[in-house]
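Structure first, then comments.
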Ligand code: GUN
Ligand code: ZN
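Residue numbers (the working numbering): 2 to 481.
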């Protein structure tokens, strides 16, 4: 029997540690029959590898000059039902947007047929855009959420699925459950998914956010997650009005983080979206508990919520991934999250610089040096190093966040996130000269520049194949 499923030869790009990108030219990678990576080595060792693993040249798929493989991207925060209104209703701030756009739309998923159609579209579209792992919010409806799990599994996407829990909703009372119902239905949801025994689709405990959950519901969900050793997701410190509301509703807690922490909802399997306004004290709690943040820059800008200072989160060594936060964010693609994360970081830098100039703390010469240092991590200038200690997010760091960082945030980095031997092969085949590519390749550029061009200019047309655990999940066979 064959021991080798795929053998690919060409350029492989991945992160092996925080913030770093490794470009391996002329390498050879093989997967076993279960989709795990058997080896990734210099192609000079081809003959030895072929003999050791028993494959011949005809088995090797060779990439073209303008192609490379990168790890599949991890969307650590996406609302599947909100795909139905993506790109619309972006004029309101968070709490009004929830009341007038989101809750009424999510309520229609009481109809399982609606769920089948829409969830089919969102899973296909995310896969096509290179999201091999998605951490989904569903709605309060258990059966519709089971449908989402079925569809993700059917298409071969790696996913966490959350049946949303909310027992408080004064602003749109049609879309709410009782505390008892919420716990009973979450238990039914967990049991249903356990029975299905999906390899790569798992339930995740999902209190919507503290504004829509009573203390009893939060604490019962924390208990349920602990008993079943499950992942947990929610939102935290996204907008100022939301934080005010949380502090009003939970006067016995000193901050938003404590509301989740004291109710056992901050664990090493927790991912919280946003965190724009978390204090350093709260970030330390995240670090201690091993809880992660999902940075959703498109949503933060689109809903005028705020900015997450990624540099400060990384300084606190809090686990961090990227999220699209559909439909608070209007783009389904993590490439957009990469770009917006970098832009957000640059905006934060410019705001800091503006404050310094306005306070007459620095002159023009110093300003120029600070700009150089912030953008070019190799630049060294002793005089201004202190002022320039703020470094904008680099493209390598953003790439890491979308791949290995995301897998760390979801505590699945022992399974996916890069091309380390024994991990499952979740990968994207990228072609810079794909049909209808949205950009040109003008000259013989370096491999690093090739990757940068794709990350800044590319889209799904450049993603010519998507693999999850060694199985090609996109493009689909023409009859699917
Ligand atoms: N906070 C509570 N629910 C939501 C939601 O659906 N989207 C966003 N962005 N924030 C939330
Ligand atoms: Zn969200």
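All C-beta atoms, glycine included, are put in the ideal place defined by N, C-alpha and C. Note that this is a predicted model, so its numbers are computed, not measured.
1. Have a look at the DSSP bridge pairing and note the partners of residue 208.
2. Consider the C-beta atom of residue 211 and the heavy atoms of the ligand ZN; say whether any pair is separated by less than 7 Å.
3. So residue 484 and residue 39 are in contact, right, with Cβ under 8 Å, and what is the actual spacing, rounded?
4. Look at the alpha carbon of residue 127 and the alpha carbon of residue 429, and state the distance between them as a whole number of angstroms.
5. In three-state DSSP terms, what is residue 69?
6. Output needed for residue 403: all residues of its chain with C-beta closer than 6 Å, excluding positions within five of it in sequence on either side, in chain order.
7. At the level of alpha carbons, what is the spacing between residue 153 and residue 468?
8. Under three-state DSSP, which class holds residue 346?
9. What does residue 400 pair with, by DSSP beta-bridge criteria?
10. Could you tell me the distance, in whole angstroms, from the CA atom of residue 444 to the CA atom of residue 454?
11. May I ask whether a heavy atom of the ligand GUN can be found less than 7 Å away from the beta carbon of residue 246?
12. If I follow the unbroken beta strand (DSSP E) through residue 416, where does it start and stop?
13. In terms of residues, what are the limits of the alpha helix (DSSP H) holding residue 295?
14. Report back the beta-carbon spacing between residue 325 and residue 299 to the nearest angstrom; my notes put them in contact at under 8 Å.
15. Got a sec? Which residues, its chain only, sit under 8 Å from residue 23 by beta carbon, not counting five neighbours each side?
16. May I have a chain-ordered list of the beta strand (DSSP E) segments no shorter than 3 residues that lie completely inside the segment 240-312?
17. DSSP on residue 372, reduced to helix/strand/coil?
18. Would you check if there are 3 or more beta carbon pairs closer than 8 Å linking the segment 176-190 to the segment 214-226?
19. Could you have a look at residue 140 and say whether DSSP puts it in helix, strand or coil?
20. Mind checking residue 174: buried by the 16 CB within 10 Å criterion, or exposed?
21. Alpha carbon to alpha carbon, what distance is there between residue 285 and residue 83?
22. Based on the DSSP secondary-structure assignment, which residues constitute the bridge partners of residue 234?
23. For residue 381, which three-state DSSP category applies?
24. Just tell me which of 89, 213, 228, 48 has its CA closest to the CA of residue 141.
25. Say the cut is 7 Å; is the CB of residue 326 nearer than that to a heavy atom of the ligand GUN?
26. Report yes if the CB atom of residue 435 is closer than 8 Å to the CB atom of residue 321, and no otherwise.
27. Over what stretch of residues does the alpha helix (DSSP H) that includes residue 453 continue unbroken?
28. Can you tell me which residues form a DSSP beta bridge with residue 203?
29. Is residue 484 close to the ligand GUN? I mean its beta-carbon at under 7 Å from any heavy atom of the ligand.
30. Is the beta carbon of residue 10 less than 8 Å from the beta carbon of residue 63?
31. Based on DSSP bridge pairs, tell me the residues matched to residue 468.
32. Report, in whole angstroms, the separation of the C-beta atoms of residue 225 and residue 204, which I expect to be a contact under 8 Å.
33. Measure the alpha-carbon distance for residue 383 versus residue 360 and round it to whole angstroms.
34. Counting only the same chain and skipping the five closest in sequence on each side, list residues whose C-beta sits under 6 Å from that of residue 227.
35. Can you determine whether any heavy atom of the ligand GUN sits closer than 7 Å to the C-beta of residue 300, and answer yes or no?
36. With DSSP run on the structure shown, which of helix, strand or coil describes residue 192?
Concretely, from the data shown:
1. To locate residue 208, count along the chain shown from 1; it is residue 207. In the DSSP output, where bridge partners are listed per residue, residue 208 has 166.
2. Position 210 of the chain shown, counting from 1, holds the residue named residue 211. Residue 211: no, Cβ never under 7 Å from the ligand ZN.
3. The question about residue 484 has no answer, for the chain in this structure spans 2 to 481.
4. Position 126 of the chain shown, counted from the first residue, corresponds to residue 127. Position 428 of the chain shown, counted from the first residue, corresponds to residue 429. Approximately 13 Å, taken between the alpha carbons.
5. Looking up residue 69 in the chain shown gives position 68. It is a strand residue.
6. Locating residue 403 in the chain shown gives position 402, counting from the first residue. Here the set comprises 74, 323, 335, 339.
7. Along the chain shown, read from residue 1 onward, the residue named residue 153 stands at position 152. Along the chain shown, read from residue 1 onward, the residue named residue 468 stands at position 467. The alpha-carbon atoms of residue 153 and residue 468 are separated by roughly 14 Å.
8. Taking the first residue of the chain shown as 1, we reach residue 346 at position 345. Helix.
9. Numbered from its first residue, the chain shown carries residue 400 at position 399. None; residue 400 has no bridge partner.
10. Here residue 444 is taken as the residue at index 443 of the chain shown, counted from 1. Here residue 454 is taken as the residue at index 453 of the chain shown, counted from 1. Taking the straight line joining both Cα atoms gives about 12 Å.
11. Against the chain shown, residue 246 aligns to sequence position 245. False, no ligand heavy atom lies under 7 Å from that Cβ.
12. Start at 1 with the first residue of the chain shown, and residue 416 comes out as number 415. No beta strand (DSSP E) holds residue 416; DSSP gives it neither H nor E.
13. Along the chain shown, one-based indexing puts residue 295 at 294. Counting along the chain, residue 295 falls outside any alpha helix (DSSP H), though it belongs to the beta strand (DSSP E) covering 293-296.
14. Reading the chain shown from its first residue, position 324 is the one you call residue 325. Reading the chain shown from its first residue, position 298 is the one you call residue 299. Contact flag correct, Cβ pair sits at about 7 Å.
15. Your numbering for residue 23 matches position 22 in the chain shown. The answer, listed in chain order, is 14, 15, 16, 17.
16. 271-275, 293-296
17. Taking the first residue of the chain shown as 1, we reach residue 372 at position 371. The answer is helix: DSSP assigns residue 372 an H, G or I state.
18. yes
19. Along the chain shown, one-based indexing puts residue 140 at 139. Here residue 140 sits in coil by DSSP.
20. Position 173 of the chain shown, counted from the start, is the residue given in the question as residue 174. By the neighbour-count rule (16 or more Cβ atoms within 10 Å), residue 174 is not buried but exposed.
21. For this step, residue 83 is matched to residue 82 along the chain shown. For this step, residue 285 is matched to residue 284 along the chain shown. For residue 83 and residue 285, the distance between alpha carbons rounds to 32 Å.
22. Locating residue 234 in the chain shown gives position 233, counting from the first residue. Per DSSP, 272.
23. Translated into positions along the chain shown, residue 381 becomes position 380. With a pLDDT of only 45 at residue 381, under the threshold of 50, the placement of this residue in the model should not be trusted, and no figure is reported.
24. In the chain shown, the residue the question calls residue 141 occupies position 140. Of the candidates 89, 213, 228, 48, the one whose C-alpha sits nearest the C-alpha of residue 141 is 213.
25. The residue given as residue 326 occupies position 325 in the chain shown. Under cutoff, so the answer is yes.
26. In the chain shown, counting from the first residue as 1, residue 435 sits at position 434. In the chain shown, counting from the first residue as 1, residue 321 sits at position 320. Contact flag unset, no.
27. Within the chain shown, numbered from 1, the residue matching residue 453 stands at position 452. Start and end: 448-458.
28. Against the chain shown, residue 203 aligns to sequence position 202. DSSP lists 161 as partners of residue 203.
29. Coverage of the chain is limited to positions 2 through 481, which leaves residue 484 absent and any answer about it impossible.
30. To locate residue 10, count along the chain shown from 1; it is residue 9. To locate residue 63, count along the chain shown from 1; it is residue 62. Against a cut-off of 8 Å, the Cβ pair of residue 63 and residue 10 comes out as a contact.
31. Within the chain shown, residue 468 is the residue found at index 467, counting from 1. Per DSSP, 428, 473.
32. As a first step, residue 225 is located in the chain shown; it is residue number 224 there, counting from the start. As a first step, residue 204 is located in the chain shown; it is residue number 203 there, counting from the start. Going by Cβ atoms, the distance from residue 225 to residue 204 rounds to 10 Å, so no, they are not a contact pair.
33. To locate residue 383, count along the chain shown from 1; it is residue 382. To locate residue 360, count along the chain shown from 1; it is residue 359. Because the pLDDT at residue 383 is just 43, under 50, the model does not fix this residue reliably, and the point stays unresolved.
34. In the chain shown, residue 227 corresponds to position 226, counting from 1. Excluding sequence neighbours, residue 227 sits near 265.
35. For the purposes of this step, residue 300 is taken as residue 299 along the chain shown, with counting starting at 1. For the ligand GUN, at least one heavy atom lies less than 7 Å from the Cβ of residue 300.
36. The sequence position of residue 192 within the chain shown is 191, counting from 1. It is helical.
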